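A.B. asks:
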Amino acid sequence: MRAPSQVTARVVAIEPAGAYQLLTLAAPTVAAGSEPGQFVAVAVGGPVTSMLLRRSFALYTADPGTGLIQIVVAEHGPGTAWLVRVEPGASLDVVGPLGRPFRLPPEAGTAVLVAGGYGSAPMFDLARRLRAGGSAVHMVIGAGSAERLFGVDEAHAVADSVVVLTDDGSRGIQGLVTRPLPQLLGPAGASMVYACGPMAMLEAVGAAAASHDVPCQVAVEESMACGIGVCMTCVLPVIGADGRTRMLRSCVEGPVFDAERIRWKDVGTLPADVLGADAMVVH
Ligand SMILES: Cc1cc2nc3c(=O)[nH]c(=O)nc-3n(C[C@H](O)[C@H](O)[C@H](O)COP(=O)(O)OP(=O)(O)OC[C@H]3O[C@@H](n4cnc5c(N)ncnc54)[C@H](O)[C@@H]3O)c2cc1C
Ligand code: FES
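Under our numbering, the first residue of the sequence shown is numbered 14, with each subsequent residue one higher.
1) Between residue 107 and residue 57, is the Cβ-Cβ spacing less than 8 Å?
2) Under 7 Å, CB to any heavy atom of ligand 2. Which residues pass, going along the chain?
3) Does the beta-carbon of residue 66, which I'm using as the reference point, lie nearer than 7 Å to any heavy atom of ligand 1?
4) Closest by CA to residue 186, which one among 39, 32, 64, 162?
5) Assuming residue 24 and residue 77 form a contact by the criterion Cβ under 8 Å, report the distance between their Cβ atoms to the nearest whole angstrom.
6) For residue 215, I'd like the list of residues in its chain whose CB is within less than 6 Å of its CB, leaving aside the five on either flank, ordered along the chain.
7) Looking at the secondary structure, which residues open and close the alpha helix (DSSP H) in which residue 93 lies?
8) Taking C-alpha atoms, which residue in 85, 118, 139 lies nearest to residue 50?
9) DSSP puts residue 34 in a beta bridge; with which residues?
10) List the endpoints of the continuous alpha helix (DSSP H) containing residue 306.
11) Rounded to a whole number of angstroms, what is the C-alpha to C-alpha distance between residue 69 and residue 182?
12) Could you tell me the alpha carbon to alpha carbon distance between residue 202 and residue 273, rounded to whole angstroms?
13) Under the rule that 16 or more other beta-carbon atoms within 10 Å means buried, what is residue 83, buried or exposed?
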């Protein structure tokens, strides 16, 4: 895994993609050696701004040959509102690649990739790498509505099968991404599940995978202030191999975790039995 660097990236293109904006940036040192599941942290607001914190985005593509990276941006609050309005030719301050990527299986098998909304961004490169290693890939892509789906056509190009769902039925099957999982995880004999999307979706996908005894890796989206491991904003309770729970930083120990290790019901809290919690109690 390549160490992250801070670079000035030129905006090569910005174009709408459904409800999102697709940003293409020239960032050769970020593109070189980044892997699916890693992300970049982008400074927003220009040279003089009150928006002090970087905003994090999963890498959609990273091409070491051209030095280009792409991110998919949903307008959410002030930072992303600024970012989706940058012009080609502008410069962005970008740090990356950050975080730990999805782990590829030691041997070929059948992978089910589940994505919600812009959470599909890191899945296409992952699908290509899995197939290059001989695995079959089935993709499940969902969103609230048709315009919030990302990459359905590309999914058909990189996967052996694709199921598309929307909450409102405006495209594909009406329902949640968990709906086709019993079929895909059972008879199809899946050997691994990968998921990226909102936390509630990740928890549900992890539970479905566990009920079929299939290992599941999820890329979480915790709020991140620094993205480089120093502020502890992004911690979540994760059970270690020794059975003890530790508050792990999702920016450096994640964002990819084994779903079964995350204490989903305790996310956002500091469980009393977490390793080191007793040291924080005032005696
Ligand atoms: C690892 C990772 C990958 C992500 N990938 C994408 C992506 O591919 N496309 C995309 O559109 N968005 C992605 N996000 C979410 C994106 O970072 C937030 O939507 C963005 O930070 C919101 O900033 P804002 O100023 O528009 O909104 P505000 O709500 O004003 O944000 C203020 C601060 O809150 C934090 N924050 C708010 N919402 C979130 C959130 N959902 N997740 C994390 N931090 C948040 C940010 O640190 C930000 O500094 C990702 C987040 C993480 C952690
Ligand atoms: S965002 Fe600061 S430690 Fe993870």
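For every residue, glycine included, the Cβ atom is placed at its ideal position computed from N, Cα and C.
Quick caveat: nothing in here was measured; it's all calculated off a predicted structure.
C.D. replies: Judging by the given coordinates:
1) No, the pair does not count as a contact, with Cβ atoms beyond the cut-off.
2) In chain order, the qualifying residues are 237, 238, 239, 240, 241, 242, 243, 244, 245, 246, 247, 262, 263, 264, 265.
3) Flag set: Cβ of residue 66 near ligand 1.
4) 162
5) Incorrect: roughly 19 Å between the Cβ atoms, too far for contact.
6) The beta carbon of residue 215 sits closer than 6 Å to the beta carbons of 208, 231 from its chain, once the five residues preceding and following it are set aside; these are given in chain order.
7) 91-96
8) 139 is the residue among 85, 118, 139 whose C-alpha sits nearest the C-alpha of residue 50.
9) 29, 86
10) Absent from the structure is residue 306, since the part of the chain shown begins at 14 and ends at 296.
11) 30 Å
12) 19 Å
13) buried
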